[in-house]
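Novice: Using the working numbering, the first residue of the sequence shown is number 46, and each one after it goes up by one. Below is the structure I would like to discuss, written out as structure tokens.
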Amino acid sequence: MRHALAISIKFISTLIILGIILGLFYNLGFTEVLMITVVFTVLSYIMGDLLILRRTNNLSASIADFGIAFIVIYFMTRNVAFVDDVSTAALFSSIAIAFSEYLYHRIVPRRAERTERTNENRNATVNNNLIQTEAAEELAPVRPDVRSPKKNNSKKKKRK
């Protein structure tokens, strides 16, 4: 369930960004933008979110998403549509997508990981309570204070 929500948020944000940049400024059709969005969303979620983001930080995953976006947009735009300046379209789209992915990584996947960690911590505390031992006071007898006058007098008398 958490993957479906994360993929749908990523898909919708990417579709809006590519629809504005590629659709309005570079005159790509909706079907081309939709195909590019689907391919990018699948590749980016698998490579960027599931592999790279879990092993590194947000900045590394956003840079990887920039590279994935540039490659996917460049090659798919070049093969699907007739755009004069494909590299500029891919560059502007990739920059916008990388920025949105940076925000996406800060919001969406961390919430799912936090709930998993909370559940793991809850299970760990329940399991730790099963193997804890009781703590008690010292078992050694209490010795009278060495500085007490009765003991000091008795020791002095014995030494004399």
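Where a beta carbon is used, it is the ideal one built from N, C-alpha and C, also for glycine. Computed from a predicted structure; not experimentally measured.
As a quick exercise: from I52, E146, I152, pick the residue whose alpha carbon is nearest that of G112.
Specialist: What you label residue 112 is simply residue 67 of the sequence shown in a count that begins at 1. Among I52, E146, I152, the Cα nearest to that of G112 belongs to E146.
Novice: How is L73 classed by DSSP in three states: helix, strand or coil?
Specialist: Looking up residue 73 in the sequence shown gives position 28. It is coil, neither helix nor strand.
Novice: Under a three-way DSSP split, which group does T101 fall into?
Specialist: Taking the first residue of the sequence shown as position 1, residue 101 is located at position 56. Of the three classes helix, strand and coil, the one that applies to T101 here is coil, per DSSP.
Novice: Which first and last residues belong to the alpha helix (DSSP H) in which F56 is found?
Specialist: The residue you call residue 56 lines up with position 11 of the sequence shown. Segment 47–63, the alpha helix (DSSP H) holding F56.
Novice: Would you identify the three-state DSSP class for F127, choosing helix, strand or coil?
Specialist: For the purposes of this step, residue 127 is identified with residue 82 of the sequence shown, where counting begins at 1. Coil, per DSSP.
Novice: Can you tell me the Cα-Cα spacing of D129 and E77, whole angstroms?
Specialist: Taking the first residue of the sequence shown as position 1, residue 129 is located at position 84. Taking the first residue of the sequence shown as position 1, residue 77 is located at position 32. Going by the C-alpha atoms only, they are around 16 Å apart.
Novice: Skipping 5 residues on each side, what residues in its chain have a beta carbon closer than 6 Å to that of L45?
Specialist: For the chain, the structure presents residues 46 to 205; residue 45 sits outside this window and is missing.
Novice: Around the C-beta of V117, are 16 or more other C-beta atoms found within 10 angstroms, so that it is buried, or is it exposed?
Specialist: Stepping through the sequence shown from its first residue, residue 117 is reached at position 72. So V117 ends up on the buried side.
Novice: Between which residues of its own chain and V153 is the CB-CB distance below 7 Å, once the five residues before and five after are set aside?
Specialist: Mapped onto the sequence shown, residue 153 falls at position 108. The answer, listed in chain order, is A51, I54.
Novice: Measuring straight from C-alpha to C-alpha, what distance separates I140 and I62?
Specialist: In the sequence shown, the residue the question calls residue 140 occupies position 95. In the sequence shown, the residue the question calls residue 62 occupies position 17. The straight-line gap from Cα to Cα measures roughly 10 Å.
Novice: Leaving out the 5 sequence neighbours to the left and right, which residues in its chain are closer than 6 Å to S89 when beta-carbon positions are compared?
Specialist: By 1-based counting over the sequence shown, the position of residue 89 is 44. For S89, where only same-chain residues beyond five positions count, the Cβ hits under 6 Å are D110, I113.
Novice: State the Cα-Cα distance for the pair T122 and V87, rounded to the nearest angstrom.
Specialist: Numbered from 1 along the sequence shown, position 77 holds the residue referred to as residue 122. Numbered from 1 along the sequence shown, position 42 holds the residue referred to as residue 87. C-alpha separation (whole angstroms): 17 Å.
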